[in-house]
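Here the sequence shown is numbered in my numbering, starting from 364 and rising by one per residue.
For glycine and all other residues, C-beta sits at the position ideal for the given N, C-alpha and C.
Since this is a predicted model, take the numbers as computed values, not measurements.
Down below is the structure, laid out as structure tokens.
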Amino acid sequence: MERVVDCPICNDVDRCFEEIQEVYSSFMCFNCGFMSDTRFTEENDSQVEQNASILTNKLKTFDKERGIYWFPSVVNMGTLGIIYPEGTEEEWSWKFAKVTPIPEEKKSAMPNYENMLDTDSAKTYDKFDFLSACKDMGIAKDI
Ligand SMILES: [Zn+2]
């Protein structure tokens, strides 16, 4: 079951969804792109903390109401590409990189692959414009 909740990160009231599963719930806000899960508690955080240098961990925010951490999403849709946050803790934005065929001149460097992630020409979005990145990727919900 899915329901709309108030986003604790950006306070959006109609683009943040809770997906209620049998034993846990997951959360996804299409406005700010943050996500969480009822299992992302403080007790479980030591496992998540391993990669504290990664931007997603620097940007994690504690949701006092639910007692869980929220992280910016990294959406890897295989051949559709990847949406990921990039920048510094103070100044970051969303990026959408498409998957493109490897150009001839780079093929010798990547002999086992046909496609590559085109991060050089990744599109940039405002941190509260995650939805546009999803739309460009082709995975946006009708919201
Ligand atoms: Zn939000």
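CB of residue i within 8 Å of CB of residue j, strictly
i           : j           : result
residue 381 : residue 390 : yes
residue 397 : residue 434 : yes
residue 511 : residue 466 : Residue 511 falls outside the range modelled here, since the chain spans only 364 to 506, and no answer is possible.
residue 422 : residue 452 : yes
residue 399 : residue 432 : yes
Other residues of its chain near residue i: CB distance less than 6 Å, five sequence neighbours each side excluded
i           : result
residue 499 : 459
residue 479 : 465
Cβ neighbours of residue i in the same chain (closer than 7 Å, five flanking residues each side left out)
i           : result
residue 490 : 395, 455, 456, 457
residue 367 : 377, 379, 380
DSSP state of residue i mapped onto helix, strand, coil
i           : result
residue 392 : strand
residue 451 : coil
Pick from the options that is closest to residue i, judged by C-alpha positions
i           : options            : result
residue 404 : 426, 419, 367      : 426
residue 406 : 470, 387, 383, 430 : 430
Proximal residues to residue i (C-beta, below 8 Å), its chain only, five neighbours per side dropped
i           : result
residue 450 : 418, 456
Cutoff 8 Å: residue i Cβ touching any chain B Cβ
i           : result
residue 458 : Here chain B cannot be found, since the structure has a single protein chain.
Residue i - partner residues in DSSP beta bridges
i           : result
residue 479 : 463
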